[in-house]
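Accompanying notes for the structure given below.
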Amino acid sequence: MLTFEDGLAALKRLAADEITSEGRGRNEATTRLQIIDRLLFECLGWERSDCISEERFDGKYADYSLAAPLRALILEAKREGEYFELPAGQLVHSPQLPIAYFKRTNEAAYAAISQCIDYCTSRGTNFGAVCNGHQLIAFLGSRLDGTPPLEGRAIVFDSVEQMIARFQLLWNVASKSGVQAQGLSRELSEMVAPPPPVKLAQHVSGYPGYRVRNTHQTDLQILGDVIIEDAVRATRNEAEFLEGTYCPSGALSQYALVSKTILETRYAALEQQTAGPSLVPATTKKGVDPDLLAHVVSRRPVLLVGDVGVGKTMFVRHLIRIEAKDLLEHAIVLYLDFGTQPTLSRDLAPFVAREVTRQLREEHRVDVEEAVFVRGVYHAELLRFEKGIFGALKQSDPPEYGRRELDYLASLVANAEEHIKRSLEHLEKARRQQIVVFLDNVDQRPDEFQQEVFLVGVGIAATWPATVFISLRPETFYRSRASGALSGYHARAFTIAPPRLDQVIKRRLEFAVQIAESGRLDRLEGVTLTVPTVATYLGVLLESFEKNPDLLEFCENMCGGNIRLGLDFIRTFIGSGHVDTAKILGVQGRGGNYLVPRHEFIRAVIYGDYQYFDPSRSPILNVFDITMPDPKEHFLVLLLLAQCEALGRSQPEGYGKVADLYRFAQDLGYLPAQIHAALARALLGKLVERPDRSTEGFSTERRDGELTHVRVTTVGAYYARKLSRMFVYLDAVVVDTPITDASLRSSISGSDSISERLDRLESFVDYLDSCWAPLGKGAQIFDWPRAGRSARKEADTIRLSSGAPFRLPTS
């Protein structure tokens, strides 16, 4: 990488060479080859691989498009003889001039600046420059602060001597490192974009407002929590729950909106990133992989790798209670649940010691603090103690010897972690019992905590006489491989793929109905609903999922393989304040057959416990939100999703290059900061995923940044193809979407009645249509006009069914 000092020395050599060739006229091509190329690549640290020469866009060609690594600077070259004149002393005190100055004094320079700004604006590039080899003008080529770029200022170097004299400034505004650091923005102090307009939500009193529930809804909410989340405790029989609800993993859904090849290669990219243990599916068509069962009685750590919510806990509990029951019948099985405890990572070792001690005592009738057991554990130590310096006291002073011996034993037991290890070694040797330890629900904790638990698990596997199963997220597994933490341990890694959500929902609801009809929920405090009422309501939901594929399509795609989230959608619907429970029960009571429509289910999920949509409290993302007062940004997330999916179609695992996404969006006029923010939101919302599955932020400062490839998930595909055009979604997110057109804000206001909400929806779609228009043909990868028509058609259907009047056309 070129240093500042080397760049200055190279510029001085360039100046000396130009003195010897003074007077030789050069055309534009020769000027670029002999002077500007040297200035950029020898003096300012740009690599030739950073540069695209004569980049074409809409029939026009930019001389130099420079990327760092995103397209960041467009430079227009003029032939050597095209000089601009400045009054004497004009730049003595400041190198800055208004761009309008050149309009008055040098039409050719102004035309070149205008042309460059046009390129920058249409290609989402922040910085522009014009250079004839001896003079350079640098300016902001694209802005969102309300000031037209041509009304801004420029930094001017009117000779090579000026470039040398002010090389620090030249380096800050035109070198690769200076452009990466946004030096030109800082020098001109003009690149602070104003925030987008305030959202409608900020004008809603009490936003987001709590949705009040009636008695039926409150009772059903309590039951939903028990049935979906606490069914194991409610039945008091884990084996019955597992037999009744467990679904094998690995089956592919017919409702997924992405390629089945992508679903089949869920974890394949992890193996290609780094060396380490190979990944093997934990289940086959015939059940649990026999190799995994064989590891139950081995001494090697076993890693169970699966995304959040895919069912790792259910797999582990089913393995213990059902699948490997015979193998583990005489073993000591220790199951450590890290879902909620300990609170701090520094408490991990004490927590493990306490929990193992408790489970040995309560589940295996082994008290590691019992005197006889302790003496058995430390029998060899006691023999050595007897032969030591206090051994003579056994004959001469037995009471004192006993006290000394007890003190010695107490010191051994005081080291809790070591005492647990010694106790398990004693159990294995004396009782010939296999020790199997499961570390579960680690993935529900922060990344740093997961890493600590993983290291604890590796330590247990290395020092305890036990087989250790550790549940990990893919990103934790990836980091452990990358850091070498796994290399010293010959671990086997098995992947847990999610089961089919439709089967999980069916079996869970059937089991819930069974619980309700058995009367085992009657003892729930504060619940007044009768057993038949509960069974009827759950039966409606069960039949709706069996007969309405739209519900399964929503849940299957929007949970993205997170079965826990899919079940949480069900729990949210049961007892939602946005669901007319009385209407549903009334239809069933009159002998009818109520089927939950898609919009009713989605509405409950979007709003949750609140009156209005709030993205901080909802599992649903507002894809139309913006970071700058740029109306076309409303579509950026959707455009990136569509382009990412298109890029991935030619790849076996569906990944597209992030650099290609930036190039695509910049060609539509989006700035790197906007693209960065949109990708970060999509990543955090699981609309796209990276090979290592991490949702952490990423950097665009380096060509080899943390984020190089992403692919669209089922979540992102559902947003782009389905959700973004639904009335229930647009009606919800309108309160969270800044409206950049002040003349339309009054027509997009808070509304309660269905008629007002339908009018607001149409105004919102009209507004989005106007925002889409400037994007042109390059944005056709996503078809917003079709989506807008679909939303209007649904609104018309709702008007007809509800009796709401149609909106009169505006003149």
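One gets the numbering used here by counting positions in the sequence shown from 1 and adding 3 to each.
Backbone N, C-alpha and C define an ideal beta-carbon position, used for all residues, glycine too.
All values derive from a computational prediction rather than experimental measurement.
DSSP on residue i, reduced to helix/strand/coil?
i	result
residue 411	helix
residue 108	helix
residue 57	strand
residue 199	coil
residue 542	helix
residue 397	helix
residue 143	strand
residue 133	strand
residue 327	coil
residue 165	helix
residue 170	helix
If you compare alpha carbons, which of the options is closest to residue i?
i	options	result
residue 63	112, 126, 101	126
residue 314	435, 212, 504	504
residue 558	98, 623, 500	623
residue 777	636, 429, 675, 683	636
residue 67	73, 80, 409	80
residue 9	22, 35, 49	49
residue 183	128, 205, 138, 156	128
residue 726	669, 693, 768, 790	790
residue 446	691, 6, 480	480
residue 646	634, 669, 323, 134	669
residue 513	549, 318, 661	549
residue 736	718, 807, 678, 760	760
residue 16	35, 7, 41	41
residue 380	223, 330, 416	416
residue 781	61, 754, 71, 220	61
residue 719	648, 463, 14	648
residue 815	363, 547, 604, 542	Residue 815 lies beyond the stretch modelled for the chain, which goes from 4 to 814, so this question has no answer here.
Report buried or exposed for residue i, applying the criterion of at least 16 other Cβ atoms within 10 angstroms of its Cβ.
i	result
residue 344	exposed
residue 575	buried
residue 707	The predicted position of residue 707 is uncertain, since its pLDDT is 40 and thus under 50; a value taken from the coordinates is nonetheless stated next. Residue 707 comes out exposed.
residue 799	exposed
residue 96	exposed
residue 176	buried
residue 713	buried
residue 238	Note that residue 238 scores 44 on pLDDT, short of 50, meaning its location in the model is unreliable and no value can be drawn from it.
residue 383	exposed
residue 209	exposed
residue 595	exposed
residue 495	buried
residue 809	exposed
residue 152	buried
residue 4	exposed
residue 732	buried
residue 316	buried
residue 639	buried
residue 454	buried
residue 206	exposed
According to the Cβ coordinates, are residue i and residue j closer than 8 angstroms?
i	j	result
residue 109	residue 87	yes
residue 321	residue 249	yes
residue 101	residue 158	no
residue 599	residue 554	yes
residue 198	residue 742	no
residue 436	residue 430	yes
residue 721	residue 211	no
residue 74	residue 606	no
residue 310	residue 565	yes
residue 140	residue 116	yes
residue 424	residue 466	yes
residue 745	residue 768	no
residue 644	residue 663	no
residue 625	residue 632	no
residue 103	residue 133	no
Output the residue ranges of the alpha helix (DSSP H) runs that lie fully inside the stretch 454 to 524 and measure 4 residues or longer, sorted by chain position.
477 to 486, 504 to 521
To test your reading of the DSSP string, which unbroken beta strand (DSSP E) runs of 3 or more residues are found completely within the stretch 422 to 452?
438 to 443
Going residue by residue through the stretch 683 to 757, where are the continuous alpha helix (DSSP H) segments of at least 4 residues, counting only ones entirely within it?
717 to 724, 730 to 736
Inside the stretch 766 to 805 only - alpha helix (DSSP H) runs reaching at least 4 residues
787 to 805
Where in the stretch 622 to 682 do unbroken runs of the alpha helix (DSSP H), each at least 4 residues long, occur, reported from the N-terminal end onward?
639 to 651, 661 to 670
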